[in-house]
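The sequence shown begins at 59 in this note's numbering and counts up by one. Note that the Cβ used here is the ideal one computed from N, Cα and C, for glycine as well.
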Amino acid sequence: YPVVQVFHKFIVCERKNHRMYVHQRRAHMRIIYERTIDRLHLQKGEYKTLLVPYELFIDKYHQSKLSSLVKPLTEVGFDIELNPDGGVVLLRSYPFDMAYEETQMFFDFVIQGPDIESNDMQTWLRDKIALSIAKTTSIRIGDSLSVEEMRDILRALEACETPNFCPEGGVTWVKYDREEIEERFKR
59 YPVVQVFHKF IVCERKNHRM YVHQRRAHMR IIYERTIDRL HLQKGEYKTL LVPYELFIDK
119 YHQSKLSSLV KPLTEVGFDI ELNPDGGVVL LRSYPFDMAY EETQMFFDFV IQGPDIESND
179 MQTWLRDKIA LSIAKTTSIR IGDSLSVEEM RDILRALEAC ETPNFCPEGG VTWVKYDREE
239 IEERFKR
């Protein structure tokens with residue numbers, strides 16, 4: 059099927075009797091998000107180990123909250139060492155697909171997040187990790203895509219469980235039927 063990129067933001071493809079406009083960043087975020095969730099479920103603990111631990115700055119009050127999250131954080135690939143005096147938490151490893159630069163922001167988000175029952179915490183953490191990875195690694199608006207890259211995105215989006223929305227809730231695609239387009243050009 060024919061595909062074209064419009065405004066370095068949308069992938070337009072023509073199918074039988076309709077044309078689809080796909081938001082390239084949102085679609086790619088959905089694809090990466092679902093793949094990351096699957097990987098986190100299947101391969102617990104796939105992580106990057108740091109040769110030199112990264113220092114996260116977290117005050118004493120929030121470290122007490124973080125101490126209750128050590129087990130679920132470990133189960134999704136983090137290895138942290140808390141400082142009982144507060145201030146610095148040593149990060150020794152983090153999930154494989156997460157960007158190193160995202161770790162401080164991720165921990166700031168986690169400690170300010172809602173209090174969740176421990177059995178739901180791992181699911182919540184997986185979701186936040188997958189969202190963080192999807193946001194930092196997906197293609198950007200303005201990126202030029204080849205025809206093959208556009209087709210790959212369309213095929214992968216079709217395989218998603220929730221292809222209609224990005225992980226943040228934005229619409230990934232809209233469809234216009236041939237009749238709808240022709241109606242706009244009537245005299």
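Thinking just about the alpha-carbon of each residue, which of Y234, E237, M179 and K193 is nearest to the one in G228?
-> Nearest option by C-alpha distance: K193.
Just mark R190 as buried or exposed, buried being the case when its beta carbon has 16 or more other beta carbons within 10 Å.
-> In the sequence as displayed, the identity of residue 190 is Ser instead of Arg. So S190 counts as buried.
Within the same chain, show all residues whose beta-carbon is closer than 8 Å to that of V146, passing over the 5 residues directly before and after it, in chain order.
-> E113, L114, F115 and I116
Compare the beta carbon distance of T230 and H66 with 7 Å and say whether it is the shorter of the two.
-> no
Counting along the chain, where does the beta strand (DSSP E) carrying K233 start and finish?
-> W231 to D235
Go through its chain and collect everything with a Cβ distance to I90's Cβ below 7 Å, but skip five positions before and after it.
-> I191, A192, T195 and S196
With 16 other Cβ atoms within 10 Å as the buried cut-off, status of I239 = With fewer than 16 other Cβ atoms from the protein chains shown falling within 10 Å of its own Cβ, I239 counts as exposed.
Backbone secondary structure at V128 - three-state DSSP | helix
Opposite Q63 in the DSSP bridges: which residues?
-> I69
Does the separation of the CB atoms of D137 and S122 fall below 7 Å?
-> no
In or out: R242 buried (at least 16 other Cβ within 10 Å) or exposed?
-> With fewer than 16 other Cβ atoms within 10 Å, it is exposed.
Starting from the Cα of R83, find the closest Cα among F223, R245 and R236 and give me that residue.
-> F223
Going by alpha carbons, who is nearest to T94 out of G135, D178 and I187?
-> I187
Integer-rounded CB distance, given that V128 should sit under 8 Å from R184 = About 16 Å; that fails the 8 Å criterion.
Roughly how many angstroms lie between the CA atoms of K74 and V61, to the nearest whole one?
-> Looking at the two C-alpha atoms, the distance is approximately 13 Å.
Selection from F68, Y79 and I69 that minimises the alpha carbon distance to K233 = Y79
What are the uninterrupted segments assigned as alpha helix (DSSP H) that are 4 or more residues long and contained completely in the segment 176-216, given in chain order?
-> 176-195 and 205-216
Is it the case that the Cβ atoms of Q63 and L203 are separated by a distance below 7 Å?
-> Contact annotation: Q63 and L203 have beta-carbon atoms nearer than 7 Å.
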